[in-house]
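All remarks here apply to the structure that follows.
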Amino acid sequence: MSRKIMVATVKPFAPVAVDGIRKIVEGAGYELKVLEKYPDQQAFISAVPDVEALIIRSDKVTREVIENAPNLKIIVRAGAGYDNVDLEAASEKGIVVMNTPGQNSNAVAELVFGLMVFMVRRGYSGKAGTELKGKTLGLQAYGNVGRNVARVAHGFGMDVLAYDPFVSEDSIRTDGVEPVDSVEALYDRCDFVSLHIPAIKSTIKSINFALMSRMKEGAMVVNTARKEVIDEDGLKKMLEKRTDFRYVSDIAPDCKDELLSTYPDQVYFTAKKMGAQTLEANVNAALAAANQILGFFEKGDTAFQVNK
Ligand code: 3PG
148 MSRKIMVATV KPFAPVAVDG IRKIVEGAGY ELKVLEKYPD QQAFISAVPD
198 VEALIIRSDK VTREVIENAP NLKIIVRAGA GYDNVDLEAA SEKGIVVMNT
248 PGQNSNAVAE LVFGLMVFMV RRGYSGKAGT ELKGKTLGLQ AYGNVGRNVA
298 RVAHGFGMDV LAYDPFVSED SIRTDGVEPV DSVEALYDRC DFVSLHIPAI
348 KSTIKSINFA LMSRMKEGAM VVNTARKEVI DEDGLKKMLE KRTDFRYVSD
398 IAPDCKDELL STYPDQVYFT AKKMGAQTLE ANVNAALAAA NQILGFFEKG
448 DTAFQVNK
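Reminder that position 183 of the sequence shown reads as 330 in my numbering, one-by-one numbering, no gaps.
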């Protein structure tokens, strides 16, 4: 019996990306199962008992999913952040978890500028706005997305600073970006701060009033990372006290409706998380995921494992 690989995506890949996965998987003699736009978590749980490999996006691989998948050997999150996978539960069962770093980062970076231009041009309302040229952009984390944002920001004529304690200052400088040595310094000096941090214990609710209120007049925070990193009470307080401050995000906060009705000129949220939702990003991440699964089954390759 051939191995069963399942694509489980509430928010599906572009069809051409799924076709690409199929070609790789079936070409290697495995079977592909596709579960898209499933109605609820139970539908996901019910579909996993016979699968040996999973390709997911932001889909929640909880302990319950893992316990219902006795044959599961590998989970590949086609994307960067893997906060949606219960790593502890996976590791307990010896399941390898991987991501596909860098494959969708240009898409997210381009959206950062889509959001910033939309905000500084006042929602394309016809009212006079401002420009990005000559302004200072701070990158909170300098990984794959941060690097792409820096590249595009230079094209806009922005000065770029970055805070990332895990990346060497020299490699940040090589890109024409100024490293800063504290997160506070980033907020003190920048007109815009773009978030590229994962949602982990140390970052959850870390973007709070104390930090945001350090920013200059007319400042903006752009969040294409995770909603959990924002302290929503702090954000409300900031918008109330600083009518010059703006917040724009690809991942709407829980208090979205309240913010939109109270501060309509200061906030904007996309209808759905769409940073990585481009044809190119879907194809890149989907094919990488399929190839990583093959590499694992055929050669024991664990290069992108995140639960080592
Ligand atoms: C990621 O972590 O790769 C991005 O947040 C994209 O997530 P998505 O695949 O759910 O759109």
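By construction, the Cβ of each residue, glycine as well, lies at the ideal position given by its N, Cα and C atoms. In this text, all values refer to a predicted model and were calculated from it rather than measured experimentally.
Minimum C-alpha distance to residue i - residue among the options
i      : options                        : result
Pro196 : Ile377, Asp230, Arg150         : Arg150
Asp397 : Thr209, Met153, Val259, Asn251 : Val259
Arg169 : Glu445, Lys455, Val430         : Val430
Gly93  : Gly261, Thr277, Ala256, Ile213 : Residue 93 lies beyond the stretch modelled for the chain, which goes from 148 to 455, so this question has no answer here.
Lys419 : Met148, Val157, Phe313, Ile152 : Val157
Val324 : Thr371, Gln287, Asp335, Ile351 : Gln287
Ala435 : Pro159, Met148, Val172         : Val172
Leu179 : Ile152, Gln189, Met362         : Ile152
Leu234 : Leu182, Tyr310, Ser329, Lys207 : Lys207
Ile222 : Ala155, Phe160, Glu183         : Ala155
Glu427 : Asn253, Val453, Cys337         : Asn253
Asp439 : Pro186, Asn246, Lys184         : Looking at the sequence provided, one finds Gln at residue 439 rather than Asp. Considering only alpha carbons, the answer is Asn246.
Ile351 : Tyr185, Arg269, Ile377         : Ile377
Ser353 : Gly381, Arg336, Gly365         : Gly381
Ile319 : Arg336, Asp338, Arg298         : Arg298
Glu445 : Ala175, Glu387, Ser272, Cys337 : Ala175
Gly302 : Asp335, Arg204, Asp322, Tyr310 : Asp322
Phe356 : Leu201, Pro312, Tyr334         : Tyr334
Lys455 : Asp391, Ser272, Val244         : Val244
Thr277 : Lys383, Lys384, Asp338, Pro312 : Asp338
Leu441 : Gly270, Met148, Ile202         : Ile202
Close Cβ partners of residue i (< 6 Å) along its chain, the five nearest in sequence each way excluded
i      : result
Met305 : Leu279, Lys282, Leu284
Glu379 : Pro400, Cys402
Ala236 : Arg210, Ile213
Glu375 : Ala346, Ile351
Ala161 : Leu426, Asn429
Glu316 : Pro326
Asn231 : Ser205, Lys207
Ser238 : Asn454
Asp311 : Ala288, Tyr289
Ala300 : Leu284, Val307
Cβ-Cβ separation, residue j to residue i (assumed contact under 8 Å), whole Å
i      : j      : result
Val327 : Leu308 : 5 Å
Pro248 : Phe443 : Actually they are not in contact, since the Cβ atoms of Pro248 and Phe443 sit about 16 Å apart, beyond 8 Å.
Val340 : Met263 : So it is not a contact: roughly 11 Å between Cβ atoms.
Asn251 : Ala423 : 4 Å
Asn218 : Val198 : 6 Å
Arg361 : Glu331 : 6 Å
Ala346 : Gly447 : Actually they are not in contact, since the Cβ atoms of Ala346 and Gly447 sit about 30 Å apart, beyond 8 Å.
Ala194 : Leu182 : 5 Å
Ala225 : Arg204 : 6 Å
Residues bridged to residue i [DSSP beta-bridge criterion]
i      : result
Pro326 : Ala309
Phe356 : DSSP, once it has assigned bridges, lists no residue as partnering Phe356.
Glu183 : Thr156
Val430 : According to DSSP, which records beta bridges pairwise, Val430 is partnered with nothing at all.
Met245 : Val223, Gln452
Val232 : Val208
Lys151 : Glu178
Thr390 : Answer by DSSP bridge pairing: none, since Thr390 is not bridged.
Ala200 : Ile152, Ile221
Val299 : Its beta-bridge partners do not exist; DSSP assigns none.
Tyr415 : Val395
Asn370 : Leu342, Ser396
Ile377 : Ile354
Gln287 : Tyr310, Leu342
Chain-order list of residues whose beta-carbon lies under 7 Å from that of residue i (same chain, five-residue window excluded)
i      : result
Met266 : Met367, Arg393, Val395, Tyr415
Gly290 : His343
Lys184 : Val157, Pro159
Val314 : Tyr289
Asp456 : Residue 456 falls outside the range modelled here, since the chain spans only 148 to 455, and no answer is possible.
Tyr410 : Leu386
Ile192 : Glu211, Val212, Asn215
Other residues of its chain near residue i: CB distance less than 8 Å, five sequence neighbours each side excluded
i      : result
Thr371 : Val255, Leu258, Val259, Leu262, Val292, Ser341, Leu342, His343, Ser396, Asp397, Ile398, Gly422
Leu407 : Val414, Phe416
Gly167 : Val430, Ala433, Leu434, Ala437
Asp391 : Glu364, Gly365, Ala366
Arg269 : Ala275, Gly276, Asp412
Tyr271 : Phe265
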